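Taking full-length UniProt numbering, I'd label the letters of the sequence shown as residues 44 to 621.
The C-beta atom is built at its ideal place from N, Cα and C for all residues, glycine as well.
Here the structure is a predicted model, which is why all the values come from computation and not from measurement.
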Amino acid sequence: SQAVSQATTLMSFPAVPTSTADTVVLPEGYEYDVLVSWGDPILKGASKFDVENSAEDQLGQYGDNTDGMSLFHLTDKDGGVDEDRAILAANSEYINKKFMHTHGGENLTADDVRKEIAAHGVNVFEVKRNWFNKWKVVKNSDLNRRLHGNADEFVLTGPVAGHPLVQTDMDRTGTKVIGTLNNCGNGQTPWGTYLTCEENFNGYFGAPAGTAFSDEQKAYGLSETGFDYNWWPTEERFNLAKHPNEANRFGWIVEIDPYNPSSKAMKRTAMGRFKHENAALTLSKDGHAVAYMGDDERGEFIYKFISRDTYREGDRAHNMTLLENGTLYAAKFNDNGSGEWVELTYGKNGLTQANGFDSQEYILVYARLAARFVGATTMDRPEWVACHPSSPMVFCTLTNNKYRGVRDNQPLNAANPREENPFGHIIRWVPENRDHKASRFGWDLFAMAGNPETQSGAMAGSDNVSADNMFNSPDGLMFDNDGRLWIQTDGNYSNEGIFAGQGNNQMLVADPVSGHIRRFMVGPNGCEITGITFSNDQRTVFVGIQHPSNAWPNAEKDGVPRSSVIAIRREDGGIVGA
Ligand code: FEO
Ligand code: CA
Ligand code: CA
Ligand code: CA
């Protein structure tokens, strides 16, 4: 593993060693500030953070468990990019129940439940940079908003809108949804909108003991207890026995216009319903919007969406309709390094009534069943997908999969070659004719994570993994404009056994061409690193620190662990990562 030289022209920062310290570790010459933490006020008149805050307080504050995010610069007075003013749109994926209430999360009151729901969703707020390259939240900006789990600002669009599968007692139109939940990764469109991706929505639903579940419900993990949030006894819409279709209104990609605070958020049903990690947006040669998407569960699939209509430069109103209609595909990775996108359209590839697929609406609501039926390749938990900014390379993290090669429905294959895959890997593909519209592609494995110190053979990892850069469970993934691939981890941080020497969760930078990988940052204890976006001039990288286990970042001030976004910059003001 040491044979590969670590020389690369893309990055010159000194690699940071592994760490188990309860702090953020950066390369020499870098520094950071905490931009915003769970509970910080972001709306006008919002209360200061206190664990005793009510649901009402939380509605005006930054949500919990920061995750995917995108920065949208504002326009300066000459109509150009204002380098120092922007809107940050950031996800709050889920909550840390035991830190959210003074009572530690047992015996929730109705207000406690509403506070938990309010701590979910999306945070949109203005940020401003001062003359020494330091960003601050603009607390009273008219642009700031919280699109939380109880907000009535969501509209179902596209083929499934209005269908009986998404009609409920509260919404006979099947179009008006309350809330967005489990907002994991994100996407940023070429027309300047934000995509927030609904992942483990099933966990919030529950039902009285003895409730029967359909095969479709089971395929999405719906159950009596969910993830023990226990919202359904006080918030009736989460009771599956009474409102089974409510769950069909979650698990979508949601498009938000960050520049218009009174706009509705659009749930894009043409892109399929599954446990969405993120959405990597690009354009085909002839201008169709293409989105690559992962479904994060053991043995689920990678998807591609191609818009029906094409992008029109400068016509934002038109471009904002592109994700409403299009075609969905699931990926087949053949063992010989070729691959194909199999169309999930009613009447094609056996997706017919005779095989249990009644309509295109059914196929979109239960995309997992359709992808499985057409023989898409089961993957080791697809997390983020990232498209290279100037070449048609696409990368996807496959975080880990303890069932690979163990359960009959997830046999080993060339794209997921390691039994029980405890470290995860990163796969890469290039479309045929270098065009994202192509139905065929070639693929290879960019990195097999592993531990060359304690393991040998396949468990040691690929040649570009060494004792100096090793990691496990790659998750967040994003390219900057220069083509550096930023890799974030959400893995085992015990620093023991097969993970000895890997320390806390971390962020690395890779050269996608040479394959070199270098560690850039290590997070505080217990956290995962997730969510990343850059200022236009690349002199700041914003990074999410999710679920720290100790009272980071303000031990003296509040004594509570608080998920936060940090802003990292170089002391000399240079491009981060270079
Ligand atoms: Fe929310 Fe799959 O990470
Ligand atoms: Ca993730
Ligand atoms: Ca993860
Ligand atoms: Ca997470």
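Check whether the segment 388-398 touches the segment 335-354, counting contact only when three or more Cβ pairs, one atom from each stretch, lie closer than 8 Å. no
So which of Val297, Asp358, Tyr389, His590 has the shortest CA-CA distance to Thr370? Tyr389
Expressed to the nearest angstrom, what Euclidean distance is found between the alpha-carbon atoms of Asp601 and Phe92? 9 Å
Just curious, the alpha helix (DSSP H) that Gln260 is in, first and last residue? 258-262
Straight-line gap, Leu455 to Leu441 (C-alpha atoms, nearest Å): In a straight line, the C-alpha of Leu455 is about 14 Å away from that of Leu441.
Which residue or residues does DSSP assign as beta-bridge partners of Asn456? Asn459
With a threshold of 7 Å on Cβ separation, who are the neighbours of His431 within its own chain once the five nearest residues in sequence on each side are excluded? Phe522, Gly526, Pro555
CB Asp566 to CB Gln549, shorter than 9 Å? Here the sequence assigns Gly to residue 566, which means Asp is not the residue at that position. Yes, the pair counts as a contact, with Cβ atoms nearer than the cut-off.
Kindly indicate which residue of Phe197, Cys227, Trp174 has the alpha-carbon position closest to the one of Thr216. Comparing Cα-Cα distances from Thr216 to each of Phe197, Cys227, Trp174, the minimum goes to Phe197.
Separation of Ala313 from Tyr446, as counted between CA atoms: Cα to Cα, Tyr446 sits roughly 30 Å from Ala313.
Quick one: what's got a C-beta closer than 6 Å to Ala89's C-beta in the same chain, skipping five residues either side? The residues are Gly103, Gln104.
By how many angstroms is the C-alpha of Val165 removed from the C-alpha of residue 625? There is no way to answer for residue 625, as the model of the chain reaches only from 44 to 621.
Mind the definition here: the segment 364-378 touches the segment 412-420 only if three or more C-beta pairs lie below 8 Å; say whether that holds. The segment 364-378 and the segment 412-420 touch, with no fewer than 3 CB-CB distances between them shorter than 8 Å.
Can you tell me whether Pro60 is helix, strand or coil according to DSSP? coil
Measuring only from the beta carbon, is Gly569 closer than 8 Å to any heavy atom that is part of ligand 2? no
Any 3 or more C-beta pairs closer than 8 Å across the segment 232-242 and the segment 252-266: no
Other residues of its chain near Arg605: CB distance less than 6 Å, five sequence neighbours each side excluded: Ser80, Trp81
From what residue to what residue does the alpha helix (DSSP H) around Asn160 run? The sequence shown places Ile at residue 160, not Asn. 153-161 is the extent of the alpha helix (DSSP H) around Ile160.
Buried or exposed: residue 17, going by 16 or more other Cβ atoms within 10 Å of its Cβ? Any property of residue 17 remains undetermined from this structure, which presents the chain solely from 44 to 621.
DSSP state of Met521, grouped into three classes? strand
Closer than 8 Å: Gly566 CB and nearest ligand 2 heavy atom: no
Given that a residue counts as buried once 16 or more other Cβ atoms are within 10 Å of its Cβ, and exposed if not, what is Gly616? Counting the other CB atoms within 10 Å of its CB gives Gly616 a total below 16, which places it among the exposed residues.
Using the C-alpha atoms, what's the distance from Arg477 back to Gly342? Answer to the nearest angstrom: the Cα atoms are 28 Å apart.
Using a Cβ-based criterion (distance less than 8 Å to any ligand heavy atom), does Asn339 qualify as near ligand 3? Per the sequence shown, the amino acid found at residue 339 is Asp instead of Asn. Yes, since a heavy atom of ligand 3 falls inside the 8 Å radius drawn around the Cβ of Asp339.
Can you list, in chain order, the residues of its chain with a C-beta nearer than 8 Å to that of Ser433? Leave out the 5 residues immediately preceding and following it. Gly526
Do Asn193 and Gly222 count as a contact pair if the criterion is CB distance below 9 Å? yes
Cys439: CB within 8 Å of a non-hydrogen atom of ligand 2: Flag unset: Cβ of Cys439 not near ligand 2.
According to the neighbour-count rule (16 or more other Cβ atoms, all chains shown, within 10 Å of its Cβ), is Ser516 buried or exposed? Within 10 angstroms of the beta-carbon of Ser516 lie 16 or more other beta-carbons, which makes it buried.
Could you check if Asp423 belongs to the surroundings of ligand 3, using beta carbon to heavy atom distance under 8 Å? Distance from the C-beta of Asp423 to the nearest heavy atom of ligand 3 is not below 8 Å.
When you measure from the CB of Asp214 to every non-hydrogen atom of ligand 2, does any distance come out below 8 Å? no
Whole angstroms are fine: how far does the CA of Thr200 sit from the CA of Met513? 43 Å
Could you tell me the alpha carbon to alpha carbon distance between Pro60 and Ser557, rounded to whole angstroms? 21 Å
Starting from Asn403, trace the alpha helix (DSSP H) both ways and give me its first and last residue. The question names Asn, but residue 403 is Gln in the sequence shown. Element bounds for Gln403: 403-408.
Rounded straight-line distance, which links the Cα of Asn579 to that of Asn303: Whole-angstrom Cα-Cα distance: 20 Å.
Less than 8 Å separating the Cβ of Thr63 from some heavy atom of ligand 2? no
Which of helix, strand or coil does DSSP assign to His116? strand
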